[in-house]
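Participant: Numbering-wise (our numbering), the sequence shown opens with residue 26 and increments by one. We put the CB at the ideal spot given by N, CA and C, even for glycine. These numbers were taken from a predicted model, which means no experiment stands behind them.
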Amino acid sequence: MAGPTTAERGARQQESSGPPRARRFRPPRLRTIIILAVALVLVAGGTVWVLYGSAWTRLEDVSVSGTRVLTPEQVREAADVPVGDPLVSVDTEAVEARLRRKLPRIDEVDVERSWPHGIGLKVTERTPVLIVQKGGKFVEVDDEGVRFATVSKAPKGVPALELEPARSGSAAASLRRFDEDRLVREAVRVAGRLPDEVARDARLVKVRSYDDISLELSGGRTVSWGSGEQGVDKARALTALMKATPDARHFDVSVPTAPASSGS
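#1: Tell me whether Ala260 counts as near the ligand NAD, meaning its Cβ is closer than 7 Å to at least one heavy atom of that ligand.
#2: From Thr117, Glu222, Asp237, Gly244, pick the residue whose C-alpha is nearest to that of Leu263; which is it?
#3: Just to confirm before moving on: does the CB-CB distance between Val157 and Val166 stay below 8 Å?
#4: Rounded to a whole number of angstroms, what is the C-alpha to C-alpha distance between Ala91 and Leu186?
#5: At what residues does the beta strand (DSSP E) containing Val248 begin and finish?
#6: With C-beta atoms as the reference, is Leu242 less than 8 Å away from Asp258?
#7: Cutting at 7 Å between CB atoms, please list the residues of its own chain near Pro184, excluding the five before and the five after it.
#8: To which residues of the same chain is Gly256 closer than 6 Å at the C-beta, ignoring the five residues directly before and after it?
#9: Less than 8 Å between C-beta atoms, sequence neighbours within five positions excluded: which residues of the same chain meet that for Arg214?
#10: Express the C-alpha separation of Val232 and Ser287 in angstroms, rounding to a whole number.
#11: Jot down the residue ranges of each uninterrupted alpha helix (DSSP H) in the region 83-110, minimum 4 residues, whole runs only, in chain order.
#12: Tell me whether Glu211 sits in a helix, a strand or coil according to DSSP, three-state version.
#13: In whole angstroms, what separates the C-alpha of Gly145 from that of Leu95?
#14: For Leu263, does the three-state DSSP call read helix, strand or coil?
#15: Over what stretch of residues does the beta strand (DSSP E) that includes Asp135 continue unbroken?
#16: Residue range of the beta strand (DSSP E) that Lys147 falls in?
#17: Taking its Cβ as the centre, do 16 or more other Cβ atoms sit within 10 Å of Ser239, making it buried, or is it exposed?
#18: List the residues that DSSP assigns as beta-bridge partners of Asp237.
#19: Less than 6 Å between C-beta atoms, sequence neighbours within five positions excluded: which residues of the same chain meet that for Ala179?
#20: Express the C-alpha separation of Thr152 and Arg274 in angstroms, rounding to a whole number.
#21: Starting from Asp221, follow the alpha helix (DSSP H) in both directions and report where the run begins and ends.
#22: According to the neighbour-count rule (16 or more other Cβ atoms, all chains shown, within 10 Å of its Cβ), is Met26 buried or exposed?
#23: Would you please state the rounded distance, in angstroms, between the beta carbons of Pro190 and Ser249? I believe it to be under 8 Å.
#24: Once DSSP output is grouped into helix, strand and coil, what is the label at Ala179?
#25: Would you mind reading off the limits of the beta strand (DSSP E) that contains Glu187?
#26: Might you give, ordered along the chain, the residues of its own chain that have their beta carbon closer than 6 Å to the beta carbon of Asp277, omitting 5 neighbours on each side?
#27: Please state whether the Cβ-Cβ distance between Arg83 and Pro129 is less than 8 Å.
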């Protein structure tokens, strides 16, 4: 019997060299699905147990950093972090709220988990720029006008605030427009603009009205500042004026474009 012809052999070769047939998709077997589902449940359950039920992630330590006047013990007591509870369950926002409420001296606080056993409390305390004498004690005021603490001893290098608003004339009209809280904020605004060398010598910030704020420096020197406006220009003018007339006793920068000094 004769073998395949040349044409037949060519046709077979073309068929064999063509693209492979696509394999049919076979869905995973039920057994495989069950095994994967069980594995996922075990992993999830193990994770929950490690976070909530295991002693490996229980809160054991509360660290405090950033304190200056406050002590770490005061911060820990005010924070009232539930030591012994699962670390993941600690409400960090509630801890922050307690610290702000109980310790007004705290300006900012970060509450962070430190796995596997710790909570870190990083605080930033308010810095007084003025003090207000009240009886035999002193109220500290920060650069936002917040009266955050009462202390028995005046902090060094912080000028006192003397608020004596005039009750007659134009000053009385100013007081009707700007209440005492606003005047305190203006005094804070002035204190925050003082050049460093002046701030170190400042002993008193005296406020009679919105437009009548003055300073008393060491050595009996005084400064008429005016209002709290144009603070940067006034600070620059005062610095130049004090260098130009170092023996002067009084400096007036209420109009910073025309500063003046007098006395010697």
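Facilitator: Considering the structure as presented:
#1: Absence of the ligand NAD from the depicted structure is noted, as is the absence of any ligand whatsoever, leaving it without description.
#2: The count along the sequence shown starts at 1 and reaches residue 263 at position 238. The residue with the shortest Cα to Cα distance from Leu263 is Glu222.
#3: Taking the first residue of the sequence shown as 1, we reach residue 157 at position 132. Taking the first residue of the sequence shown as 1, we reach residue 166 at position 141. Yes, they are a contact pair.
#4: The count along the sequence shown starts at 1 and reaches residue 91 at position 66. The count along the sequence shown starts at 1 and reaches residue 186 at position 161. Note that residue 91 corresponds to Gly in the displayed sequence, not to Ala. Going from the Cα of Gly91 to the Cα of Leu186 covers about 28 Å.
#5: As a position in the sequence shown, residue 248 is number 223, starting the count at 1. Counting along the chain, the beta strand (DSSP E) containing Val248 begins and ends at 247-251.
#6: Walking along the sequence shown from the start, residue 242 turns up at place 217. Walking along the sequence shown from the start, residue 258 turns up at place 233. Cβ distance not < 8 Å, so Leu242 and Asp258 don't count as in contact.
#7: Reading the sequence shown from its first residue, position 159 is the one you call residue 184. Excluding sequence neighbours, Pro184 sits near Leu155, Ala216, Ala227, Arg228, Leu229, Val230.
#8: In the sequence shown, residue 256 corresponds to position 231, counting from 1. The residues are Arg218.
#9: On the sequence shown, residue 214 is found 189 positions in, with the first residue counted as 1. Gly253, Gly256.
#10: For the purposes of this step, residue 287 is taken as the residue at position 262 of the sequence shown. For the purposes of this step, residue 232 is taken as the residue at position 207 of the sequence shown. Rounded to whole angstroms, Ser287 to Val232 spans 21 Å at the Cα level.
#11: 97-104
#12: If you number the sequence shown from 1, residue 211 lands on position 186. If DSSP states are grouped into helix, strand and coil, Glu211 belongs with the helices.
#13: Position 120 of the sequence shown, counted from the start, is the residue given in the question as residue 145. Position 70 of the sequence shown, counted from the start, is the residue given in the question as residue 95. The alpha-carbon atoms of Gly145 and Leu95 are separated by roughly 16 Å.
#14: For this step, residue 263 is matched to residue 238 along the sequence shown. If DSSP states are grouped into helix, strand and coil, Leu263 belongs with the helices.
#15: The sequence position of residue 135 within the sequence shown is 110, counting from 1. Unbroken beta strand (DSSP E) run through Asp135: 131-139.
#16: Translated into positions along the sequence shown, residue 147 becomes position 122. Unbroken beta strand (DSSP E) run through Lys147: 143-150.
#17: Taking the sequence shown and counting its residues from 1, the one referred to as residue 239 is at position 214. Looking at its Cβ environment, which holds 16 or more other Cβ atoms inside 10 Å, Ser239 is buried.
#18: If you number the sequence shown from 1, residue 237 lands on position 212. Note: Asp237 sits in a beta bridge opposite Ser234.
#19: For the purposes of this step, residue 179 is identified with residue 154 of the sequence shown, where counting begins at 1. Closer than 6 Å at the Cβ level, and outside the excluded window around Ala179, lie Ile156, Phe163.
#20: Translated into the one-based positions of the sequence shown, residue 274 becomes position 249. Translated into the one-based positions of the sequence shown, residue 152 becomes position 127. If I take the Cα positions, the gap works out to 30 Å.
#21: Position 196 of the sequence shown, counted from the first residue, corresponds to residue 221. That run of the alpha helix (DSSP H) goes 221-226.
#22: Here residue 26 refers to the residue found at position 1 when the sequence shown is read from its first residue. Any reading at Met26 needs caution, since the residue's pLDDT is 49, under 50, leaving its predicted position unreliable; the model's value is listed next. Its Cβ having fewer than 16 others within 10 Å, Met26 is exposed.
#23: Reading the sequence shown from its first residue, position 165 is the one you call residue 190. Reading the sequence shown from its first residue, position 224 is the one you call residue 249. Actually they are not in contact, since the Cβ atoms of Pro190 and Ser249 sit about 17 Å apart, beyond 8 Å.
#24: Start at 1 with the first residue of the sequence shown, and residue 179 comes out as number 154. Coil.
#25: The count along the sequence shown starts at 1 and reaches residue 187 at position 162. It spans 185-188 - the beta strand (DSSP E) in which Glu187 sits, taken as one unbroken run.
#26: Counting from 1 along the sequence shown, the entry for residue 277 is found at position 252. Same-chain partners within the cutoff: Ser249, Ala285.
#27: Here residue 83 refers to the residue found at position 58 when the sequence shown is read from its first residue. Here residue 129 refers to the residue found at position 104 when the sequence shown is read from its first residue. For Arg83 and Pro129, no; Cβs fall outside 8 Å.
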